[in-house]
Amino acid sequence: MTVRNPDREAIAHGYITNESLREKPSVPTWALKLVMAITGLLFAMFVVGHMAGNLKIYSAPYEDGQNPIDKYGHFLRTMGEPILPAGTALWAIRIVLLVAIIAHIYGAVALHGRSKRSRGKFSRTNLMGGVDSFATKTMLFTGIFLLLFIVFHLLDLTMGVAPAAPEGFVHGSVKANMIETFSRWPVTIFYVLAMVALFFHLTHGIKLAASDLGITGKKWRQVFVVLAYVIPAVVTIGNIILPLSVALGWVTL
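Residues are numbered in my numbering as their position in the sequence shown, beginning at 1, plus a constant of 963.
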């Protein structure tokens, strides 16, 4: 092992140098991994709940003719009333998710940079094949792709900003907006690809979270391995069937 500026006095005493080989990071690596694990599991719970809510599009209308998914959207906008003003609880959730995603991105970039500097010119080789290897190698790519998808999704079905959103977008009309947007095949294909990326990202992310949270027991690790495949698979299938159902004309107003 060599260093750029060897300390001769240190060498005389049997050391390479008395100076630190690396600068001490402002945020410890263990803290970044902990943040990544907690925020990642938070996102996993959110996408499960979000998918469950979206599946209300298949429910039959109520006796008054109102669509269950429209009523669900109204509930989200008014939950907390009358204690809280309309929209307060929803915006609180959005702010928490926004802070979490910023922290998640910062952690990912910082850890990727540190890993790259530690490896230097050497790269990881001889990884095991299969889903695990692919998910590991594409973690950064799927993360960037999902970030772009989140931005598009917010512009499309939350804010109704053209050209991401369809021309017929109406705030509050959840089912009508979903049918409008998924009637566009390019958008539907983009959503399907995003869900495939989500599967690989979640699968590897849940496994990493188990390690970073210090879950070392054999039984608990086995539970997390099962969850690492079951949760992403359920979310991916549920979120892929929905846009395809609309695009193929199986779901209508």
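The beta-carbon is built from N, C-alpha and C at its ideal position, and this holds for glycine as well.
Query                                                                                                                                                                 : Result
Could you give the distance in angstroms between the alpha-carbon of Tyr1025 and the alpha-carbon of Asn1202?                                                         : 24 Å
Just list the alpha helix (DSSP H) runs in the stretch 1009-1073, keeping only unbroken ones of 4 residues or longer that don't cross its boundaries, in chain order. : 1031-1041
Would you mind stating whether Ile1204 and Ala1007 have Cβ atoms separated by less than 8 Å?                                                                          : no
Work out the CA separation of Phe1145 and Leu1074 for me, nearest whole Å.                                                                                            : 37 Å
Pop quiz: Leu1005 and Ala1071 are said to be a contact at Cβ under 8 Å. What is the actual Cβ separation, rounded to whole angstroms?                                 : No, Leu1005 and Ala1071 are not in contact; Cβ-Cβ is about 15 Å, not under 8 Å.
Is the beta carbon of Thr1105 sitting closer than 8 Å to the one on His1164?                                                                                          : yes
Within 10 angstroms of the Cβ of Pro1129, are there 16 or more other Cβ atoms? Answer buried if so, exposed if not.                                                   : buried
Quick check on DSSP: helix, strand or coil for Trp1213?                                                                                                               : coil
Straight-line CA distance for Ser944 to Phe1112?                                                                                                                      : In the structure displayed, the chain extends from 964 to 1216; residue 944 sits before or after that span and is not available.
Can Ala1000 and Leu1109 be called in contact, C-beta distance under 8 Å?                                                                                              : no
Determine, using beta carbons only, whether Val1198 and Val1011 come nearer to each other than 8 Å.                                                                   : yes
Please confirm whether Gly1036 and Val1137 have their CB atoms less than 8 Å apart.                                                                                   : yes
Going along the chain, which residues of its own chain have a beta-carbon closer than 6 Å to the beta-carbon of Ala1157, five neighbours each way excluded?           : Phe1112
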